[in-house]
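I have placed the structure first, in the form of structure tokens, so that the comments after it can refer back to it.
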Amino acid sequence: MANVKITIFTSFLSMLSLSAAAEGSCAGKEALEISGSYSATSAIRWRVEEVPDQFIVDLSKISKADRTGISKTAIEHKFPQLDRIIRYSVDNSSRAGVIYKTDFGEVFYLKTDYRKTGGRACLPSDSINLLINNWPASLVFAKGMEKSNRCLWNLQVFDMAGAIQHSIYRPLSCMSYPKQEDANAIVQIFNDFSK
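Residue 1 is where the sequence shown starts when you use the numbering used here, and the numbers rise one by one after that.
Structural data, given as structure tokens:
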């Protein structure tokens with residue numbers, strides 16, 4: 001089941017890629033590209049979007065918790081802070097994710113290495129709404145379409161030179177409107193794990 005969830009997230013990125021590719025703005029020379037120019041700063045901003053419920057990850061479905069597998073995944077895919085990893089999922093050598101226990105609750109950190117996938121991603125420039133460590137990023141507060149009480153913080157950070165997509169997912173019960181302190185916490189979690 002965990003692999004299905006990871007594939008769903010990748011499919012969501014693929015939809016964005018197809019949208020950008022339709023614009024014809026990606027040169028197709030790199031594994032990870034952004035269509036056209038974008039304007040973003042380190043100010044933490046986000047978009048609110050409604051998404052199909054299957055995009056709201058259920059962290060309980062990611063159940064592999066053996067310490068040997070956690071250690072192997074952390075080493076092979078360069079996930080830091082091994083002692084804070086509680087579960088993991090490996091799709092293949094190009095994509096793996098771990099669940100960290102944080103002060104903000106459980107978060108799913110997924111890495112996709114596009115050079116290893118053999119594929120390409122063309123991201124729409126209008127999806128980039130902030131910079132983290134000078135890398136383009138997209139922060140979204142997603143609400144489920146069918147079950148309005150299911151929400152998700154989704155941070156995508158793109159290491160363009162390394163062709164690696166870093167994704168942080170934090171599902172939660174919906175509130176009336178996302179809070180700045182929660183957005184700040186998601187970015188801080190990424191910063192803590194990218195050192």
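We treat Cβ as the ideally placed atom computed from N, Cα and C, and that holds for glycine. Model, not experiment: these values are computed from the prediction.
How many angstroms separate the CA atom of residue i from the CA atom of residue j?
i	j	result
S194	Q54	28 Å
Q165	E30	13 Å
G97	N133	21 Å
A27	L130	23 Å
S167	Y114	13 Å
V90	P171	20 Å
M160	V187	18 Å
Y177	T41	23 Å
I128	Y38	7 Å
A65	G144	28 Å
Y169	I189	11 Å
R47	D83	32 Å
Q180	W135	21 Å
R67	G118	30 Å
C122	L32	6 Å
Can residue i and residue j be called in contact, C-beta distance under 9 Å?
i	j	result
A137	F108	no
K111	K78	yes
S125	I34	yes
N191	C174	no
I56	A183	no
S63	R95	no
I85	I99	yes
P80	E146	no
A185	D103	yes
Which residue or residues does DSSP assign as beta-bridge partners of residue i?
i	result
A137	L130 and V157
H166	K111 and V157
G97	S89 and L110
P124	S35
C174	Answer is none; C174 lacks a bridge partner.
E50	K143
G105	T102
R150	S173
Tell me which same chain residues have a C-beta within less than 6 Å of the C-beta of residue i, skipping the five on either side of it?
i	result
E49	V140 and A142
E106	L59 and I99
K116	S93 and S94
R120	A31
S25	S35 and G36
For residue i, collect the residues of the same chain with a Cβ closer than 8 Å to its Cβ; drop the 5 residues on either side in sequence, then sort them by chain order.
i	result
E23	Confidence in E23 is poor, its pLDDT being 47 and thus under 50, which makes the residue's placement too unreliable to answer from.
Self-check item: Validate contact between the segment 140–159 and the segment 60–75 using beta carbons, cut 8 Å, 3 pairs
Solution: Output reads no: the segment 60–75 does not touch the segment 140–159.
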